[in-house]
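S.K.: Supplied in structure tokens, the structure appears directly below.
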Amino acid sequence: MDFFQFIGYIRQFNADVAIIGAAVWGLSLLARKTLLKNVKKRKLITFLPFLLGVLLYTVYAAICDGAATDWAAALNAGITCGSLATVIEVVYGQFLHDDSKDVRVACVQAMLSGWAQLSDEQAQELVQAVEQADEEEAKAAIAAYTGDPAAETLYPMLKKTLALSDE
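In the UniProt record's numbering, the protein residues as written are 1 to 167.
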């Protein structure tokens with residue numbers, strides 16, 4: 001993914017999701033470099049962008065919409081912000097290391113790094129399972145690396161992240 005594809009990718013979102021997603025990426029990066037520098041459980045760090053995305057977008061929606069906030073839509077947009085932050089992190093890492101790896105494969109490897117170190121081939125198979133298989137088959141493929149409870153939680157986040165990184 002080159003710079004212009006990345007800009008086109010960012011422009012497809014509403015401005016609020018793009019700005020909050022970028023803020024989530026920055027806050028996640030800052031937290032990992034400072035507060036969470038010594039955290040041994042990489043699994044927890046996987047969820048950080050999604051938690052921050054939901055938190056920031058929910059606060060934003062509550063401020064803008066007040067009592068009329070559609071909380072389900074705010075939750076969905078918050079997860080989208082976390083997915084965007086994950087894609088930005090992967091693309092940023094690729095620019096630093098001049099890596100030409102498929103962004104979707106790199107996203108899968110980054111998101112599951114707390115459970116298993118996937119090879120490019122394993123990550124590609126998981127990408128195909130999430131994109132092409134039904135939900136239960138995809139969760140089973142994720143569970144092979146993470147365990148059943150984690151697969152239930154990771155599936156919607158991984159599906160949304162792959163959908164975003166595909167464009």
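Every residue, glycine too, gets a C-beta built ideally from N, C-alpha and C.
Hey, how far is the Cα of Leu30 from the Cα of Gly21?
M.R.: In a straight line, the C-alpha of Leu30 is about 14 Å away from that of Gly21.
S.K.: Determine the direct distance from the alpha carbon of Asp70 to that of Cys64, and round the result to whole angstroms.
M.R.: If you take the alpha carbons of Cys64 and Asp70, they lie about 11 Å apart.
S.K.: Contact check, Ala151 vs Lys139 under 8 Å by CB: the rounded distance?
M.R.: Right, the Cβ-Cβ distance comes to about 5 Å (below 8 Å), so this counts as a contact.
S.K.: Taking only runs of the beta strand (DSSP E) that begin and end inside the stretch 90 to 131, which ones reach a length of at least 3 residues, in chain order?
M.R.: With a minimum length of 3 residues, no continuous beta strand (DSSP E) run stays inside the stretch 90 to 131.
S.K.: Please report how far the alpha carbon of Asp120 lies from the alpha carbon of Ala73, in whole angstroms.
M.R.: Whole-angstrom Cα-Cα distance: 34 Å.
S.K.: Report buried or exposed for Gly78, applying the criterion of at least 16 other Cβ atoms within 10 angstroms of its Cβ.
M.R.: Classification of Gly78: buried, given that the 10 Å Cβ count is 16 or more.
S.K.: Is the Cβ-Cβ distance between Tyr145 and Ala116 less than 8 Å?
M.R.: Contact: yes.
S.K.: Quick check on DSSP: helix, strand or coil for Asn38?
M.R.: Correct three-state label for Asn38: coil.
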